[in-house]
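The sequence shown runs 0 to 415 under numbering that gives the first Met the number 0. Data first, discussion second: the structure below is written as structure tokens.
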Amino acid sequence: MRRLVSLTAATVAAGLTLTACGFGGDDGGSGGSAEEGGSTTLDLLVPQYSDGTTALWEEIIASFEEANPDVTVNLEVQSWDNINDVIRTKVQAGEAPDILNIDAFSGFAKDDLLYPADEVVSEDTFADFQESFIENASLDGTVYGLPMIASARALFYNEDLLTQAGVTEPPATWDDLLAAATAVAGLGTGVYGYGMPLGSEEAQAETSIWTFGGGGSWTDGETITVDTPENLAAVEFMKQMIDAGATQPDPGATDRTPMLDVFIQGQIAMAVGLPPTIGQIEERNPDLNYGIAPVPTQDGSPVTLGVADHLMAFRNDDDKQDAIRAFLDHFFSTDVYLSFVDTEGFLPTTKSGAEGTANAERFADFLALLPDAQFYPSTNEAWAATQGALQSLVGQIQTQDAASVLQQIQASADNA
0 MRRLVSLTAA
10 TVAAGLTLTA
20 CGFGGDDGGS
30 GGSAEEGGST
40 TLDLLVPQYS
50 DGTTALWEEI
60 IASFEEANPD
70 VTVNLEVQSW
80 DNINDVIRTK
90 VQAGEAPDIL
100 NIDAFSGFAK
110 DDLLYPADEV
120 VSEDTFADFQ
130 ESFIENASLD
140 GTVYGLPMIA
150 SARALFYNED
160 LLTQAGVTEP
170 PATWDDLLAA
180 ATAVAGLGTG
190 VYGYGMPLGS
200 EEAQAETSIW
210 TFGGGGSWTD
220 GETITVDTPE
230 NLAAVEFMKQ
240 MIDAGATQPD
250 PGATDRTPML
260 DVFIQGQIAM
270 AVGLPPTIGQ
280 IEERNPDLNY
290 GIAPVPTQDG
300 SPVTLGVADH
310 LMAFRNDDDK
320 QDAIRAFLDH
330 FFSTDVYLSF
340 VDTEGFLPTT
350 KSGAEGTANA
360 ERFADFLALL
370 PDAQFYPSTN
380 EAWAATQGAL
390 QSLVGQIQTQ
400 DAASVLQQIQ
410 ASADNA
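As structure tokens, then:
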């Protein structure tokens, strides 16, 4: 498969050191209300997408504050390992941020904690979102999450390792994947066949790729359905991969980010990656001979995991609504928005972004997969608990029965 074009200079510049900033300034508080003299402080909580995430947000905040000197934005950056626990703790303590960047929003919306999206952006900004993403961000007809970035998943493969193992083409089915990964592991050179990250960072994504690939789903349209025959067959095959030595050691404790770095260094033959993985390869190991293919599925039918992360605004203090609207309109203005999306290496969710992105050619393989994408049931209020259970429990399949693990996750969903 063709290699993709070189990383832009802006993307390379994003590889800066992460420095997280806490909420509330020197007093350690939330910085929550409008301050004297008409000034307003906004608290912004975001996840770390890359080493350059903090620098990008700091630039966006600086340009916003220059144009809006009466508003100060306090930035906090958390890893994906921690951000769900951090936001739950803050909400329970009555210290929710004013603006949050995360994936799921339905639980907050059900608890009436969020502004409807059209109340915190202008009409022009709201109309610029792609309709499909707006639909995915709706709950009972009201949009609460502003679609921020989109992504799909594909199989990255090391052409040299597959060739050494006698594999002539990337696998299309689960059986093909198992055979190819086992052949690579049999080389005896300290390389691994398939990277399976079932640690807390994003175990729900890896598991979803398998369950969707076997015809499964996390919902029947109304309730969360984890413990189904289709999902069980997929998780049992995941366990078969582990038991066969086709994966890296201890997948239950492996997070996606470090696993992909091992792939980038040439020690894993195949792994599911994202659009930003392309830039990470070009930055860290530009000589890697790799290709991109659709994710293998049970019978070879095309499917991928589609993900859309969102920005949402908490209704903490109505005096802040205008400041929130100003900040979100600034972020989604075409030049500012594309500076974030293109540098982080994601797919844009706005019409103007799709027309202006510099990454249309380099992400062609991912864009081709979007028609076959399935999404998390993020508008179901029980999904957040289900996702947390997947992150903490599914890695136990390396030592426990797959059916038992799914039953435990189902119980968490039922109790949400």
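Idealized CB from N, CA, C, for every residue including glycine. Note that this is a predicted model, so its numbers are computed, not measured.
Counting along the chain, Y191 sits inside the beta strand (DSSP E) bounded by residues Y191 to G194. In the DSSP assignment, I86 falls within the unbroken alpha helix (DSSP H) covering I82 to Q91. The continuous beta strand (DSSP E) containing T40 extends over residues T39 to P46. The Cβ-Cβ distance between S150 and V45 does not fall below 8 Å.
With fewer than 16 other Cβ atoms from the protein chains shown falling within 10 Å of its own Cβ, S403 counts as exposed. By the neighbour-count criterion, in which a residue is buried when 16 or more other Cβ atoms sit within 10 angstroms of its Cβ, Q397 is buried.
The beta carbon of T172 sits closer than 6 Å to the beta carbons of P295 and G299 from its chain, once the five residues preceding and following it are set aside; these are given in chain order. Judged by their CB atoms, T246 and G194 are nearer to each other than the 8 Å cut-off. Judged by DSSP in its simplified three-state form, P146 adopts strand.
For G272, DSSP records a beta bridge to A153. Residue environment: S38 is assigned as exposed (fewer than 16 neighbouring CB atoms within 10 Å of its CB, all protein chains considered). In this structure the stretch 133-152 lies against the stretch 304-321, because at least three pairs of beta carbons, one per stretch, are closer than 8 Å. Nearest to P274 by C-alpha distance, out of E64, F330, D341 and S105, is D341. For V234, same chain residues with a beta-carbon under 8 Å away, outside a window of 5 residues either side, are T206, W209, T210, V393, I396, A401, V404 and L405 in chain order. Ranked by how close their Cα comes to the Cα of V190, the residues F374, H329, I267 and Q77 have I267 in first place.
For F326, the uninterrupted alpha helix (DSSP H) run begins and ends at Q320 to F331, by DSSP. For D174, there is no enclosing beta strand (DSSP E); the residue is part of the alpha helix (DSSP H) that begins and ends at W173 to A184. With fewer than 16 other beta carbons inside 10 angstroms of its own, R283 counts as exposed.
Assignment of beta-bridge partners to Q279 by DSSP yields no partner. According to the DSSP secondary-structure assignment, Q77 is paired through a beta bridge with P46. In terms of Cβ geometry, A178 and G165 do not form a close pair [threshold 8 Å]. Rounded to whole angstroms, E158 and L74 show a C-alpha spacing of 41 Å.
In this structure L310 is in contact with I98, their Cβ atoms being roughly 6 Å apart against a cut-off of 8 Å.
Put simply, the backbone Cα of M240 is about 18 Å away from that of G272.
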